[in-house]
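Report on the structure given below.
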Amino acid sequence: VNLAANVDQQNVNMVTCGGQATIPMVAAVSRVAKVHYAEIIASIASKSAGPGTRANIDEFTETTSKAIEVVGGAAKGKAIIVLNPAEPPLMMRDTVYVLSEAASEVEVEASINEMAVAVQAYVPGYRLKQRVQFEVIPEDKPVNLPGIGQFSGLKTAVYLEVEGAAHYLPAYAGNLDIMTSSALATAEKMAQSLARKAGEAA
């Protein structure tokens, strides 16, 4: 989402697997309409969560929530992670709820589809599970958001699935693949920038 603005940095953070999967969707809505609140729920297979993930659940939610705001463009962000112990293990699933000012549903959906294609360029297993869902919240029937106040406008719901490439890790470990794929794509862009600068200096 913000790689172009940070490609010259020496150290960048991939945030979290849930962040990599969902923040592009928040940003996609944000570039069409002002986003007041965004909430994401990342559900991953328990078998794909190692000791690092389990020991840092609070850090996951805090970091992802902050990135939803800073990178995604939401005024307020919230993140939830679910470790699903189902057998056989399920693919990574992500749900994104965005509350924004009133906007064209056609434009919002087009922006989301465009962003999904951009993510698929480096994470082929990334996909929308169904069409984007919308709900108009009228001014005379606002909803109350704790810490924000009353809200009316457009509610957008996005449902995602991330399948791993299964080169080494299992296909259900999309949460791990999206991190390595994002890191690789970022490193390639940074290397290209460094090479271009070196060429200009020469």
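1 is the number of the first residue of the sequence shown in UniProt numbering; add one for each residue after it.
Just so it is clear, CB atoms sit at the ideal spot from N, CA and C, and this is done for glycine as well.
Just so you know, these numbers come straight off a predicted model, no measurement behind them.
Could you check whether residue j and residue i sit closer than 8 Å to each other, using their CB atoms as the reference points?
i, j, result
"A33", "L154", "yes"
"V70", "Y126", "no"
"I41", "T61", "no"
"T171", "G164", "As written in the sequence, residue 171 is Ala, which differs from the Thr given in the question. Against a cut-off of 8 Å, the Cβ pair of G164 and A171 comes out as a contact."
"A74", "Y122", "no"
"M14", "S182", "yes"
"V143", "F151", "yes"
"V35", "V98", "yes"
Thinking residue i and residue j are a contact (beta carbons under 8 Å), I'd like their distance in whole angstroms, please.
i, j, result
"V29", "S100", "6 Å"
"D140", "G18", "In fact, because the Cβ distance is near 35 Å, the residues do not count as touching under 8 Å."
"V12", "K189", "Their Cβ separation, rounded to whole angstroms, is 10 Å, which puts V12 and K189 out of contact at 8 Å."
"A110", "L128", "Not really, about 13 Å apart at Cβ, beyond 8 Å."
Taking only three categories from DSSP, how would you classify residue i?
i, result
"R131", "coil"
"K141", "coil"
"K47", "helix"
"E101", "coil"
"E161", "strand"
"I148", "coil"
"P119", "Reading the sequence as shown, one finds Val at residue 119 and not Pro. Helix."
"R93", "strand"
"E87", "coil"
"T180", "helix"
In terms of alpha-carbon separation, which member of the options lies closest to residue i?
i, options, result
"K78", "T63, K141, E135, L176", "T63"
"R131", "A121, V96, S193", "V96"
"Q20", "P85, M179, K197, A185", "M179"
"T83", "A118, I44, D177", "A quick correction: the sequence has Leu, not Thr, at residue 83. Checking every option, the nearest Cα to that of L83 belongs to I44."
"K76", "G149, G125, Y159", "G149"
"P146", "N13, N11, E39", "E39"
"E114", "M25, V143, L169, T186", "M25"
"G174", "A49, I68, A187", "A49"
"A67", "Q9, T22, K129", "T22"
"V1", "T16, A118, D58, E109", "A118"
"I112", "I57, R31, Q10", "R31"
"Q10", "A201, A187, G199, E200", "A187"
"P138", "M92, A102, D58", "A102"
"I57", "E87, T16, M92", "T16"
To the nearest angstrom, how far is the alpha carbon of residue i from that of residue j?
i, j, result
"L184", "D177", "10 Å"
"L160", "V136", "21 Å"
"L90", "S46", "9 Å"
"V108", "A191", "33 Å"
"S193", "P85", "42 Å"
"R54", "M92", "16 Å"
May I ask you to check if the CB of residue i is nearer than 7 Å to at least one heavy atom of the ligand PLP?
i, result
"E101", "Of the ligands one can find in the structure shown there are none, so the ligand PLP has no counterpart to examine."
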